[in-house]
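Every number in our numbering is 3 more than the matching position in the sequence shown, counting from 1.
Glycine included, every Cβ here is placed at the ideal spot set by N, Cα and C.
Computed from a predicted model, the values in this text were never measured in an experiment.
Remarks on the structure that follows.
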Amino acid sequence: MARIVIEAFKNGPIAVTGPATFINAAGEEQLLDRKRVSLCRCGSSANKPFCDGSHAKVGFTAEAYKLIPELAQD
């Protein structure tokens with residue numbers, strides 16, 4: 004099974020790499036044909052939950068981190 008990596012960039016978005024299901028602001032599932040997706044964490048994106056680069060315009064600041072969740076065992 005593929006691994007999911009969640010990485011928050013300093014003063015920027017959260018990147019999710021690996022298989023994941025995303026729900027947009029309208030509550031609809033979005034299937035993305037990408038290996039990596041950037042999610043908003045500044046709250047200013049016009050395309051939530053996805054990053055549109057607004058963090059740079061609003062002066063968002065936050066530390067970086069990286070998570071590698073354990074895979075659930077059936």
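Is A11 helix, strand or coil by DSSP? Under the three-state reduction of DSSP output, A11 falls in the strand class.
Proximity of I7 and P22 at Cβ, strictly below 9 Å: P22 is positioned such that its CB atom lies closer than 9 Å to that of I7.
Need the endpoints of the alpha helix (DSSP H) that K38 sits in, please. Premise fails: K38 is in no alpha helix (DSSP H) and is neither H nor E.
What separation, rounded to the nearest whole angstrom, lies between the Cα atoms of G62 and G56? G62 and G56: Cα-Cα distance of roughly 11 Å.
So who's on the other strand from A18, going by DSSP bridges? Answer is E10, S41, bridged to A18.
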